[in-house]
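Just below is one structure, and these are the notes that go with it.
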Amino acid sequence: MVVGIMSAMVNLAQQLKTAGYKLTRPRLAVIKVLETYGEHFNHHQILAEGQKIYPSLSRATVYRTLELLVTLNLVRPLYLNEPSQRFISASGGHHHLVCTNCDRVIEFEQCDVDALAHELAQKYNFQIQSHLLEFQGLCQTCRLPA
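Per our numbering, residue -11 is the first one in the sequence shown, and the count goes up by one each step.
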């Protein structure tokens, strides 16, 4: 379960087209799901929602489209203590608190790692484009006595 503000991925279709790929109806259905519902959807959720847009959408097309978007560095997989991948935008920062007991995920916006990112970029001569930050522990509900 994901709690928090989910930023929508925008302009995936335009970026795919700019990279020289066809915008087929099945691909557009996958992109529409990602842009409409934001992030954290897994393959199965994307397929289910995508079939509402394009009923002939296949599981293989979902996997291939997501693989293409990952290869083009437009989205990236995220695991969040689950066996299935979820997908998020490949740009910017992404921050979570993950309960190791109930698997609750709380997404948070405030992140003060900009100074650290700048320091690391300078020290290692590295251009940082995005980051993931995940803290694992127990949520308030799991900490309450039974």
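Just so you know, even glycine gets a beta-carbon here, dropped at the ideal spot from N, CA and C.
In terms of CA proximity to Cys99, His119 leads the group Asn89, His119, Asn113. If you compare the alpha carbons of Glu122, Val58, Arg13 with that of Asp91, the shortest gap goes to Glu122. Between Ile19 and Ala7, the C-beta spacing is not below 8 Å. Between Leu54 and His31, the beta carbon gap of about 7 Å places them in contact (Cβ cut-off 8 Å). In chain order, Tyr42 place their CB closer than 6 Å to the CB of Arg13, counting only its own chain and leaving out the 5 sequence neighbours on each side.
Per DSSP, reduced to three states, the secondary structure at Glu95 is strand. In the structure shown, Gly38 adopts helical secondary structure according to DSSP, grouped into three states. Remark: C-beta atoms of His84 and Val93 approach each other more closely than 8 Å. Under the three-state reduction of DSSP, Gln117 is assigned to coil, being neither helix nor strand. Assigned with DSSP and collapsed to three states, Leu85 falls in strand. Here Ala36 is exposed. Its C-beta has fewer than 16 other C-beta atoms within 10 Å.
When secondary structure is reduced to three states using DSSP, Gln3 falls in the helix class.
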